[in-house]
Structures are given as C-alpha cells and as structure tokens.
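Encoded as structure tokens, the structure appears first; notes follow it.
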Amino acid sequence: MNSRLSCVARVAGLLHSHQCRSLAGLSASNATSTLIHEVRTLQILRRKVTTLVLDIKGGFDNLNPSTLCSMLKAKALNPYLVSWTRFFLSGRTCRLRFLGAPKIFAPDSVDTLQGSLVSPLLFVIYVSPLHSEIPGSSLSPMSTTLV
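Right under this line is the structure:
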C-alpha cells in the first residue's frame with residue numbers, strides 16, 4: 000500500500016517537489032547533498048543563503064485523520080485509497096502485558112501507527128501544505144522532513 004499511495008500522491012501533487020525521506024529513492028543524505036550543492040552554487044554567485052529547518056515534535060501524535068482524508072478527496076484520489084487511509088487511521092487499540100496484567104485491548108489515542116511503512120508517507124502528505132514558496136527567493140524551499 001505504501002508504494003501505491005506514494006505513486007498516487009506524487010501524481011496528484013500531494014507531495015512537495017523537493018520532499019525527501021519517506022519516499023523510495025529519496026533519503027536524508029540526498030537532501031543534504033542537494034542542499035550543499037545549492038548553497039555552494041549561490042555562494043559562488045555571491046548570493047545570500049539562508050536555510051530554515053523545522054522539527055515538528057509529536058507530529059504523528061497530532062495527525063488529524065479527517066483532515067488528511069479531506070486532502071486526499073480534494074485531489075480526487077481513488078475512493079478506495081481514501082477509505083483505506085481512514086480505516087488505517089481509526090479504531091486503533093493496544094494491549095499492554097506487564098507481569099500478568101489483564102490481556103484486554105484498550106483504545107489508543109494515537110491514530111498514526113509508529114513503525115508502519117505507510118505512516119511517514121501519510122504524515123508527509125499531511126504536512127505538505129506547510130511547504131510554500133518564499134517571496135523573493137530564487138529557489139524553492141528544500142524539505143527533508145525527517146520522520
């Protein structure tokens with residue numbers, strides 16, 4: 000599902016063009032190499048260079064499934080993918096086992112499953128509106144979104 004959603008998200012414009020990490024073939028080291036190249040190129044031209052890096056603390060814990068699914072619908076994604084995403088992000092339960100503790104399941108307040116291959120991709124889609132052009136800049140902003 001991760002490969003399918005990644006391909007569809009790229010085609011539908013749900014990902015920023017400079018998004019790295021969480022996508023096959025684009026790692027944080029690719030983003031770093033690109034950033035170094037761009038900075039050096041601008042320095043040779045004696046241009047001013049500024050880099051802004053953001054870390055969204057607790058991003059997975061604060062992903063709103065309804066907002067994400069609305070974004071997917073707005074881009075006219077296949078209704079199956081929207082339904083699958085809604086199902087994946089809802090009704091999650093967990094079970095704690097500690098020294099013979101009860102083996103019952105309890106609702107989990109975090110909808111985005113840590114450790115899943117698709118969770119970082121869903122998060123990247125969710126935060127993609129944060130990427131915007133900076134007025135007066137000669138380059139599009141870089142994004143590494145390290146998740």
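For the sequence shown, numbering that gives the first Met the number 0 assigns the number 0 to the initial residue and increments by one for each residue that follows.
Built from N, CA and C at the ideal position, the CB exists for glycine as well.
C-alpha gap between proline 128 and leucine 98, whole angstroms = Counted from its first residue, the sequence shown places residue 128 at position 129. Counted from its first residue, the sequence shown places residue 98 at position 99. One C-alpha to the other measures close to 45 Å.
Put leucine 13 into one of helix, strand or coil per three-state DSSP.
-> For the purposes of this step, residue 13 is identified with residue 14 of the sequence shown, where counting begins at 1. Coil, per DSSP.
Decide if tyrosine 125 is buried, meaning its Cβ has at least 16 other Cβ atoms within 10 Å, or exposed.
-> Position 126 of the sequence shown, counted from the start, is the residue given in the question as residue 125. Classification for tyrosine 125: buried.
Whole angstroms is fine: what's the gap from valine 123's alpha carbon to arginine 39's?
-> Indexing the sequence shown from 1 puts residue 123 at position 124. Indexing the sequence shown from 1 puts residue 39 at position 40. Cα to Cα, valine 123 sits roughly 28 Å from arginine 39.
Just to confirm, are valine 81 and lysine 72 a CB contact at a threshold of 7 Å?
-> Here the question's residue 81 lines up with position 82 in the sequence shown. Here the question's residue 72 lines up with position 73 in the sequence shown. The answer is yes: Cβ separation under 7 Å.
By Cβ distance, which residues of its chain are closer than 6 Å to leucine 41, with the 5 residues on each side in sequence left out?
-> The residue given as residue 41 occupies position 42 in the sequence shown. Closer than 6 Å at Cβ, skipping near neighbours: Val48.
Is histidine 162 buried or exposed, if buried means 16 or more other CB atoms sit within 10 Å of its CB?
-> A query on residue 162 cannot be resolved here, the shown segment of the chain reaching from 0 to 146 and no further.
Exposure label - threonine 31; buried when at least 16 CB within 10 Å = By 1-based counting over the sequence shown, the position of residue 31 is 32. Exposed.
Taking the alpha-carbon positions, what's the leucine 4 to leucine 44 distance?
-> Counting from 1 along the sequence shown, the entry for residue 4 is found at position 5. Counting from 1 along the sequence shown, the entry for residue 44 is found at position 45. If I take the Cα positions, the gap works out to 40 Å.
Between Phe87, Leu34, Ser69 and Asn29, which lies nearest to threonine 50 when the distance is taken from Cα to Cα?
-> The count along the sequence shown starts at 1 and reaches residue 50 at position 51. Ranking the options by Cα distance to threonine 50, first place goes to Leu34.
Backbone secondary structure at methionine 0 - three-state DSSP = Within the sequence shown, numbered from 1, the residue matching residue 0 stands at position 1. Three-state result, methionine 0: coil.
What are the boundary residues of the alpha helix (DSSP H) that leucine 80 is part of?
-> Within the sequence shown, residue 80 is the residue found at index 81, counting from 1. Looking at the DSSP string, the run of the alpha helix (DSSP H) that includes leucine 80 is 78-87.
In terms of residues, what are the limits of the alpha helix (DSSP H) holding phenylalanine 59?
-> Reading the sequence shown from its first residue, position 60 is the one you call residue 59. No alpha helix (DSSP H) holds phenylalanine 59; DSSP gives it neither H nor E.
Where arginine 46 and proline 78 are concerned, what is the direct C-alpha to C-alpha distance, given to the nearest angstrom?
-> In the sequence shown, the residue the question calls residue 46 occupies position 47. In the sequence shown, the residue the question calls residue 78 occupies position 79. If you take the alpha carbons of arginine 46 and proline 78, they lie about 47 Å apart.
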